[in-house]
Amino acid sequence: MAKLIRGISEDGGVLFCALDSTEIVREAERIHKPSAVVSAALGRLLTAASMMGVMLKSEQDSVTLRVKGGGPAGLLIAVSDGSGNVRGYVENPTVHLPSRADGKLDVGGVVGRDGTLSVVKDLGLKEPYVGQVPLVSGEIAEDITAYYAASEQTPTVCALGVLVDRDLSILAAGGYLAQLLPGADEADIDRLEKNIASMPSVTTLLREGGTPQSMMEQVLSGLAPQCLMEKDVCYRCTCSRARTERMLLSLKTSELEELAADGKPIEVCCQFCDKKYRIDAAALLQSRKEAASQEK
Ligand SMILES: [Zn+2]
């Protein structure tokens, strides 16, 4: 299980969330078998989505992050429910790029910088909330910060990190979000900036035994942080046979007939968890015909 914490500074000016997402990114690695640099890109997006999910009002809400940057990885998607349980997808998981001159994985290069981050929040209303910003760097954390500034007018610091071993296993992954609320004053902002400037990277902190709790104590040092909530979150898909059948039933009759033409069951593979469903298209068609004749 991955560990998540939410907290707030004593004066109510800074809202905080941190996550040790190592187990989540390990599960994503097991499912999608990405290259190291794509693991880092998808892992950062999953980490951000989980924290943004848990900050939604209700556990029934959900948030979807879509990054399309024109890079070789193609489209990246991460979806979180309102509890912070998250799932993800990447179009081209196995593409490689050489590391950057500083030795770091070239996440911005594989994601691309020529495109957008879109954020869709389903808050149980008639229409979902949709915000979209141009990518800043494709490094994900900066793009999340830009989203909050432009779409939600909330100054936000976002740090995300994924450390991948030579054998592609995930050594550590995590991140934090710190947001300035209307109650924040100049002293809060100065303090936050100084604290963050003196901290090592998220993955270094985690490798040295750090936890979401200790990240909060460091980022909000001097601001008397208080824990609002601690919880376990995980990589979790919401697919099911019933959902897959409903998805197929949303196709036109002619399309469904085409799929049923050879008489064999259709195999539908979930893009988020790789689970395969074998569905009898002819039976679906039959049930649609029966439903239609009952309506008459
Ligand atoms: Zn699934």
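The sequence shown begins at 1221 in this note's numbering and counts up by one. Ideal Cβ placement from N, Cα and C applies to all residues, glycine included.
Query: Sorted by chain position, which residues of the same chain lie with C-beta nearer than 7 Å to S1319's C-beta, five sequence neighbours on each side aside?; Result: L1325, D1326
Query: Would you kindly check if the distance between the Cβ of A1269 and the Cβ of V1258 is under 9 Å?; Result: no
Query: If you check the beta carbons only, do Y1309 and A1298 fall under 9 Å apart?; Result: yes
Query: Can you grab the Cα-Cα spacing for the pair K1277 / A1462, in whole Å?; Result: 28 Å
Query: What are the start and end residues of the alpha helix (DSSP H) that includes I1225?; Result: Taken as a continuous stretch (DSSP letters only), I1225 belongs to no alpha helix (DSSP H), being part of the beta strand (DSSP E) at 1222–1228.
Query: Taking the alpha-carbon positions, what's the M1271 to L1380 distance?; Result: 11 Å
Query: Assign Q1399 to one of three DSSP states: helix, strand, or coil.; Result: strand
Query: Does the distance between the C-beta of C1454 and the nearest non-hydrogen atom of ligand 1 fall short of 8 Å?; Result: no
Query: Considering only C-alpha positions, which residue in the set T1458, V1331, L1345, A1502 is nearest to D1482?; Result: A1502
Query: Give me, in chain order, the residues of the same chain whose beta-carbon lies closer than 7 Å to that of G1290; leave out the 5 immediate sequence neighbours on both sides.; Result: G1332, D1334, G1335
Query: Which word fits S1418, buried or exposed, when buried means at least 16 other C-beta atoms lie within 10 angstroms of its C-beta?; Result: exposed
Query: At a Cβ threshold of 9 Å, is I1225 touching chain D?; Result: No chain D is part of this structure, which consists of one protein chain only.
Query: Do R1307 and ligand 1 come close, with the Cβ less than 8 Å from some heavy atom?; Result: yes
Query: From this set, A1222, A1238, L1224, R1307, which residue's C-alpha is nearest Q1399's C-alpha?; Result: A1238
Query: Return the Cβ separation of S1441 and N1415 in integer angstroms, given the expectation that the two are a contact with Cβ distance under 8 Å.; Result: 5 Å
Query: From the DSSP secondary-structure annotation, give me the bridge partner or partners of V1299.; Result: T1284, R1307
Query: Do F1236 and ligand 1 come close, with the Cβ less than 8 Å from some heavy atom?; Result: no
Query: What does the shell around ligand 1 hold, if a residue joins when its beta-carbon is under 6 Å from any heavy atom?; Result: C1457, C1459, C1490, F1492, C1493, K1495
Query: Rounded C-beta distance between A1366 and V1356? I'm assuming under 8 Å.; Result: 5 Å
Query: Tell me which residue opens and which closes the alpha helix (DSSP H) that E1249 is part of.; Result: 1242–1252
Query: Distance, Cα to Cα, N1305 vs S1507?; Result: 34 Å
Query: For E1247, count neighbouring Cβ atoms within 10 angstroms of its own Cβ and tell me buried if that reaches 16, exposed if not.; Result: buried
Query: Which runs of the alpha helix (DSSP H) spanning at least 4 residues fall entirely within the region 1324–1369, listed in chain order?; Result: 1327–1331
Query: Just to check my reading of the structure: R1264 and S1338 have Cβ atoms closer than 8 Å, yes? What is that Cβ distance to the nearest angstrom?; Result: In fact, because the Cβ distance is near 16 Å, the residues do not count as touching under 8 Å.
Query: Should V1422 and G1394 be called a contact, given that it needs their Cβ atoms to be closer than 9 Å?; Result: yes
Query: Would you list the residues sitting across from M1449 in a DSSP beta bridge?; Result: R1226
Query: Given a cut-off of 9 Å on the beta-carbon distance, is the pair A1281 and R1456 in contact?; Result: The residue asked about is misnamed: residue 1281 is Asp in this sequence, not Ala. Result no, Cβ atoms of D1281 and R1456 do not sit closer than 9 Å.
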